[in-house]
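Asks:
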Amino acid sequence: MIFSIISDFKGVIEKVLPRKNELTRPPIANVDQVIIVNACLNPPPDFWMIDRLTILALWNKTKPILCFNKSDLVTEDELNRIRSIYEKANFKVIFTSSKQNIGIDELKETLTGKKSVFAGLSGVGKSSLLNSLQTELKLQTGEISNKLKRGKHTTRHVEFLPFTFGGLVADTPGFSSLDLPKDIVREQFSWLFPEIYAYQNECKFSTCLHNKEPKCAVKEAVSLGKISENRYKNYLAFLEEVISNERSY
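Okay, here's the thing in structure tokens:
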């Protein structure tokens with residue numbers, strides 16, 4: 001949007017520019033990056049949801065950045081295990097603790113000058129992190145439900161909040177489920193898993209889906225530990241969903 005300022009509190013919209021990208025859940029357009037927030041514990045990481053959110057971010061031409069909060073609750077070995085899963089996909093991984101002020105400066109640097117979206121399940125500490133970044137925000141936080149081990153929804157609307165250090169951020173309502181876009185086709189799917197797509201040209205067949213095909217470089221990379229086995233299993237599960245969506249058209 002291009003606008004002219006008339007006074008301190010008034011302006012005129014001159015032109016509405018086309019959207020460069022758009023997220024449907026949350027319903028936000030023209031973002032630079034999606035900060036996918038999970039907890040290291042209480043609740044434990046939901047790798048299935050993380051992988052779905054990275055798919056949606058990449059499909060909508062936005063950069064996914066993974067933030068694991070409550071890092072003070074787990075061992076260094078567990079942090080290294082989590083890091084190794086996603087660094088193989090060339091995703092940036094940030095470990096934070098809003099209570100212990102761990103990783104807040106790194107997160108702030110990542111957000112500076114960017115239009116960002118915070119996304120993830122309820123109870124992982126999205127609002128607490130934003131309050132740690134800028135106390136004036138005073139976002140509501142909620143306790144974890146003992147029954148479900150998930151947070152009560154404390155964010156009930158979507159709005160962009162300005163940072164005093166530069167940049168805008170939207171704190172979104174917690175997610176419980178997300179459908180993959182219906183226009184994703186099986187031949188394009190592997191590029192949404194960068195570490196899998198990197199081996200595409202090394203497979204015997206150019207149309208390899210890295211499932212049951214022989215002489216598949218991806219399956220070999222998984223067996224050698226070059227690709228996370230958990231990520232590969234999620235890839236196969238999501239691939240079946242993509243194929244099912246194709247059949248339903």
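Per UniProt numbering, the very first residue in the sequence shown carries number 1; after that it's consecutive.
Ideal Cβ positions, reconstructed from N, Cα and C, are used throughout, including at glycine.
Tell me whether Lys215 is buried or exposed, calling it buried when 16 or more other Cβ atoms sit within 10 Å of its Cβ.
Replies: exposed
Asks: Assign Lys99 to one of three DSSP states: helix, strand, or coil.
Replies: coil
Asks: Throw me the rounded Cβ distance for the Glu241 and Leu180 pair, which I believe falls under 8 Å.
Replies: 6 Å
Asks: Contact defined as beta carbons within less than 8 Å: I believe Thr54 pairs with Phe91. What is the distance between those atoms, to the nearest angstrom?
Replies: Sure, about 7 Å apart at Cβ, within 8 Å.
Asks: May I have the straight-line CA-CA distance separating Lys114 from Val31, to the nearest angstrom?
Replies: 8 Å
Asks: Which word fits Gly125, buried or exposed, when buried means at least 16 other C-beta atoms lie within 10 angstroms of its C-beta?
Replies: buried
Asks: Just reading off the alpha helix (DSSP H) that Val31 is part of, what are its end residues?
Replies: That residue, Val31, is in no alpha helix (DSSP H); it is neither H nor E in DSSP.
Asks: Shortest alpha-carbon distance to Ala89 belongs to which of Gly120, Ala237, Gln188 and Glu229?
Replies: Glu229
Asks: Pop quiz: Ser71 and Ser97 are said to be a contact at Cβ under 8 Å. What is the actual Cβ separation, rounded to whole angstroms?
Replies: 5 Å
Asks: Cα-Cα, which of Phe118, Ser132 and Gly123 is closest to Ile102?
Replies: Selected option, being the one with the closest Cα: Ser132.
Asks: So what does DSSP say about Asn90, is it helix, strand or coil?
Replies: coil
Asks: Do you know how far the Cα of Ile196 is from the Cα of Ser190?
Replies: 6 Å
Asks: Quick one: grab the DSSP three-state call for Ser244.
Replies: Residue state, collapsed to three classes: helix.
Asks: Rounded to whole angstroms, what is the Cα-Cα separation between Glu106 and Val93?
Replies: 10 Å
Asks: Which same chain residues, not among the five before or five after Leu66, have their C-beta less than 6 Å away from its C-beta?
Replies: Ile36, Tyr86, Phe91 and Val93
Asks: Using 8 Å for Cβ pairs, my map puts Asp51 next to Leu121. What's the rounded Cβ distance?
Replies: Incorrect: roughly 13 Å between the Cβ atoms, too far for contact.
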